[in-house]
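Using our numbering, you'd call the opening residue of the sequence shown number 14 and step up by one each time.
Backbone N, C-alpha and C fix where the C-beta goes; we use that ideal spot for every residue, glycine too.
None of these values were measured; they are calculated from a predicted model.
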Amino acid sequence: MGLSCGLVGLPNVGKSTLFNALTRLQIEAQNYPFCTIEPNVGLVTVPDPRLSVLSRLCKPLKEIPATFEFVDIAGLVEGASTGAGLGNQFLHHIREVNAICHVVRCFEDPDVVHVCGSVSPVRDAKIIEQELILSDMELLEKMIAKKSKQWKAMGEVGQQQQAAYAQVLEHLSAGNPVRTCSVELVECPPLLSAKPLFYVANRKEENFSAPNPHVTALCDYAQAQGSTVVMVNAAFEAELTALDEESIQDFLKDAGQEEPGLNRVIRHAYGLLGLETFFTAGEKEVRAWTIKKGTYAPQAAAEIHSDFEKHFIRAEVVSYDDYAHFGGETGARAAGKWRLEGKTYVVQDGDVIVFRVGV
14 MGLSCGLVGL
24 PNVGKSTLFN
34 ALTRLQIEAQ
44 NYPFCTIEPN
54 VGLVTVPDPR
64 LSVLSRLCKP
74 LKEIPATFEF
84 VDIAGLVEGA
94 STGAGLGNQF
104 LHHIREVNAI
114 CHVVRCFEDP
124 DVVHVCGSVS
134 PVRDAKIIEQ
144 ELILSDMELL
154 EKMIAKKSKQ
164 WKAMGEVGQQ
174 QQAAYAQVLE
184 HLSAGNPVRT
194 CSVELVECPP
204 LLSAKPLFYV
214 ANRKEENFSA
224 PNPHVTALCD
234 YAQAQGSTVV
244 MVNAAFEAEL
254 TALDEESIQD
264 FLKDAGQEEP
274 GLNRVIRHAY
284 GLLGLETFFT
294 AGEKEVRAWT
304 IKKGTYAPQA
314 AAEIHSDFEK
324 HFIRAEVVSY
334 DDYAHFGGET
344 GARAAGKWRL
354 EGKTYVVQDG
364 DVIVFRVGV
C-alpha cells in the first residue's frame, strides 16, 4: 500500500521507545534531545484475531498478517518552522507520511529531561500543532504569490480558487489546523496540518485506571480538537516485547489491561489511514491483505499481483463471519454463503476472497 504513520513529538517524550516496541527494532533512544536525526522506518504487524481463526480452520503451511509502516521522526521544538532544531528537515519528514501519531509525555520523572523544563501535555501538543500550522501558512503564501497571475487569467474559476486559498490561510492564521477546515484546495501540495492525527498519552502507570491529571488534560484538549487519545506506557510496552506470550498475559493481568497498548496504537493508526483487511485462505497460506477502504475488487486483486487487475474475471467472496461460522470454505459453500462479484464490487473489511483471473 505504501501508506505510513509518522510518530512525532517533542524530544524525550518516549517516542523512539514506543517505535522500538511497535517494530521490534532496537533504534537508539536516549535521554537527550535530537537523539533521532534521520527518520527510522519499520513495518508493524496489524493485530487481528481473525487470522488465527482462519488458520485454525485451514491449517496452512504459513500465516501472514497485514502490515503497514510506522516512521519515527526526530523530535520537533518550538521554532521548527523557522529552522530551530533542524526543524525544516524534520517537517519535511512529516510531509512524507500519510497520518500523524503525536506522542505526548504525561508523566513526571526528574531523571528524564523535558525540553521545556516542565511537563504540560496541552502546551506540548500546541507547540507541535503551531509549527505545522506555521509551515502550512508559509507554503500557502508562496502558492498564492505564485498563482495570482494564473488565477487572474482564469476568470471566475480563478477567482474561486484564489478565494479558497485565502479562506484556508485565514483559517490557519486563527491558529486552526487545515484538518478542521472544509474548504478544498486545487493543485496544492500536501499540507502538514491537514494530515489525520491522533495522540498517544505516554504515562508511567501500568494500571491505566489510576488517576493522571496530565492524561485528563490531554484528553479534554484532543476532544475539543476533534482528535482522540490512546494511552500507553512506552517503557512497559518495550519490556513486554522481550517476554513470551504466557508472561505477557500475566503482566497485562497484573496491570489491569486486556491487551498490549501497542495493539491499540496500531489499530488506531490503521483506521486513521483509512485501511482495512481482506483475506485469502487455503492450505498453502492464510494471509491478511491491506487495502484502502472503498477499494474495488480488481484493485484489491492487484495487491496480490499487479497482473491480476488487468486480467480480473471475477471474485468469489464470503464474509469472515460466515466463513468462521460454517467452519471454513466447504461449510460456507454448502450454506450458500459464497457469492460471485464483478469489477464494480467494493471489497469489505473481513472478506475472504478467491480471485479468478485470465491469462
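Problem - Neighbour-count burial assignment, Val359, 16 or more Cβ in a 10 Å radius - result: Counting from 1 along the sequence shown, the entry for residue 359 is found at position 346. By the neighbour-count rule (16 or more Cβ atoms within 10 Å), Val359 is not buried but exposed.
Handout entry: Simplified DSSP state of Ser260, which is helix, strand or coil
Key = As a first step, residue 260 is located in the sequence shown; it is residue number 247 there, counting from the start. Ser260 falls in the helix class under three-state DSSP.
Handout entry: Asp364 versus Ala313, Gly371, Leu182, residue with shortest Cα-Cα distance
Key = Position 351 of the sequence shown, counted from the start, is the residue given in the question as residue 364. Nearest of Ala313, Gly371, Leu182 to Asp364, Cα basis: Ala313.
Problem - Cβ contact check for the stretch 79-89 and the stretch 51-62: 3 or more pairs under 8 Å - result: yes
Problem - Residue environment, Gln236, which counts as buried when at least 16 other CB atoms sit within 10 Å - result: For this step, residue 236 is matched to residue 223 along the sequence shown. With fewer than 16 Cβ atoms within 10 Å of its Cβ, Gln236 is classed as exposed.
Problem - Proximity winner among His105, Asn111, Ser65, Ile140, relative to Pro24 (alpha-carbon distances) - result: Numbered from 1 along the sequence shown, position 11 holds the residue referred to as residue 24. Selected option, being the one with the closest Cα: Ile140.
Handout entry: Nearest-angstrom Cα separation, counted from Gly19 out to Thr193
Key = As a working note, residue 193 is residue 180 in the sequence shown. As a working note, residue 19 is residue 6 in the sequence shown. Between Thr193 and Gly19, the C-alpha separation is close to 20 Å.
Exercise for the section: Please work out which residues of its chain come closer than 6 Å, Cβ to Cβ, to His324, disregarding the five sequence neighbours upstream and downstream, and give them in chain order. Expected result: Locating residue 324 in the sequence shown gives position 311, counting from the first residue. Hits under 6 Å: Val370, Gly371.
Handout entry: Euclidean distance between Cα positions of Arg327 and Phe249
Key = Locating residue 327 in the sequence shown gives position 314, counting from the first residue. Locating residue 249 in the sequence shown gives position 236, counting from the first residue. For Arg327 and Phe249, the distance between alpha carbons rounds to 47 Å.
Problem - Burial state of Asp149, where buried means 16 or more other Cβ atoms lie within 10 Å - result: For the purposes of this step, residue 149 is taken as the residue at position 136 of the sequence shown. When all chains shown are included, Asp149 counts as buried.
Practice task
Report the residue from Phe264, Lys155, Gln238 whose alpha carbon sits nearest the alpha carbon of Gly188.
Solution key: Residue numbering aside, residue 188 sits at position 175 when the sequence shown is read from its first letter. The option with the nearest alpha carbon to Gly188 is Gln238.
Problem - Coil, strand or helix - Ala214 by DSSP - result: Within the sequence shown, numbered from 1, the residue matching residue 214 stands at position 201. Here Ala214 sits in strand by DSSP.
Problem - Contact between the stretch 292-304 and the stretch 62-69 (3+ Cβ pairs under 8 Å) - result: These segments touch.
Exercise for the section: Report buried or exposed for Leu353, applying the criterion of at least 16 other Cβ atoms within 10 angstroms of its Cβ. Expected result: Residue mapping note: residue 353 aligns to position 340 of the sequence shown, counting from 1. The residue is exposed, with fewer than 16 neighbouring Cβ atoms inside 10 Å.
Handout entry: Through-space distance from Arg300 to Pro73, alpha-carbon basis
Key = Counting from 1 along the sequence shown, the entry for residue 73 is found at position 60. Counting from 1 along the sequence shown, the entry for residue 300 is found at position 287. Pro73 and Arg300: Cα-Cα distance of roughly 10 Å.
Exercise for the section: Ignoring anything shorter than 4 residues or poking outside the stretch 263-323, list the alpha helix (DSSP H) runs there in chain order. Expected result: 274-285, 310-317, 319-323
Practice task
Answer with buried or exposed for Lys297, where buried requires no fewer than 16 other C-beta atoms within 10 angstroms of its C-beta.
Solution key: Taking the sequence shown and counting its residues from 1, one reaches residue 297 at position 284. It counts as exposed.
Exercise for the section: Could you check what DSSP says for Gly100 in three-state terms: helix, strand or coil? Expected result: To locate residue 100, count along the sequence shown from 1; it is residue 87. At Gly100, the pLDDT of 45 sits below 50, so the modelled position is not reliable; the number obtained from the coordinates is stated separately. Residue state, collapsed to three classes: helix.
Handout entry: Rounded distance between the beta-carbons of Val117 and Leu231, thought under 8 Å
Key = Here residue 231 refers to the residue found at position 218 when the sequence shown is read from its first residue. Here residue 117 refers to the residue found at position 104 when the sequence shown is read from its first residue. At roughly 6 Å, the Cβ-Cβ gap stays under 8 Å, so Leu231 and Val117 are in contact.
Handout entry: Outcome for Thr308 when other beta-carbon atoms lying within 10 angstroms are tallied against a minimum of 16
Key = Indexing the sequence shown from 1 puts residue 308 at position 295. When all chains shown are included, Thr308 counts as buried.
Handout entry: Arg118 (DSSP reduced to helix, strand or coil)
Key = As a position in the sequence shown, residue 118 is number 105, starting the count at 1. Reduced to three states, the DSSP call for Arg118 is strand.
Exercise for the section: Report yes or no: do the stretch 241-259 and the stretch 26-38 share at least 3 C-beta pairs separated by less than 8 Å? Expected result: Yes: at least three Cβ pairs fall under 8 Å.
Practice task
Check whether the Cβ atoms of Ile113 and Pro203 sit closer than 9 Å, and answer yes or no.
Solution key: The residue you call residue 113 lines up with position 100 of the sequence shown. The residue you call residue 203 lines up with position 190 of the sequence shown. No, they are not a contact pair.
Practice task
Starting from Leu56, trace the beta strand (DSSP E) both ways and give me its first and last residue.
Solution key: Against the sequence shown, residue 56 aligns to sequence position 43. From DSSP, the beta strand (DSSP E) with Leu56 extends over 53-58.
Practice task
For the alpha helix (DSSP H) containing Leu253, list its first residue and its last residue.
Solution key: Position 240 of the sequence shown holds residue 253. Unbroken alpha helix (DSSP H) run through Leu253: 247-253.
Handout entry: Between the CA atoms of Val228 and Phe321 - distance to the nearest angstrom
Key = Working through the sequence shown from its first residue, we reach residue 321 at position 308. Working through the sequence shown from its first residue, we reach residue 228 at position 215. One C-alpha to the other measures close to 48 Å.
Exercise for the section: Indicate the three-state DSSP secondary structure (helix, strand or coil) for Ser29 in the structure shown. Expected result: Here residue 29 is taken as the residue at index 16 of the sequence shown, counted from 1. Reduced to three states, the DSSP call for Ser29 is helix.
Practice task
Hey, could you find the ends of the beta strand (DSSP E) Lys75 is sitting in?
Solution key: On the sequence shown, position 62 is the one that residue 75 refers to. Looking at the DSSP string, the run of the beta strand (DSSP E) that includes Lys75 is 75-77.
Problem - Range covered by the beta strand (DSSP E) that runs through Arg37 - result: Taking the first residue of the sequence shown as position 1, residue 37 is located at position 24. Note, Arg37: premise wrong, no beta strand (DSSP E); not H, not E.
Practice task
Using DSSP bridges, identify the partner residues of Asp85.
Solution key: Position 72 of the sequence shown, counting from 1, holds the residue named residue 85. Leu20, Asn53, per the DSSP bridge assignment.
Problem - Paired residues, beta bridge with Ala328 - DSSP - result: Within the sequence shown, numbered from 1, the residue matching residue 328 stands at position 315. Bridge partners of Ala328: Glu354, Phe368.
Exercise for the section: Can you tell me which of the three DSSP states Val242 falls into? Expected result: The residue you call residue 242 lines up with position 229 of the sequence shown. Residue state, collapsed to three classes: strand.
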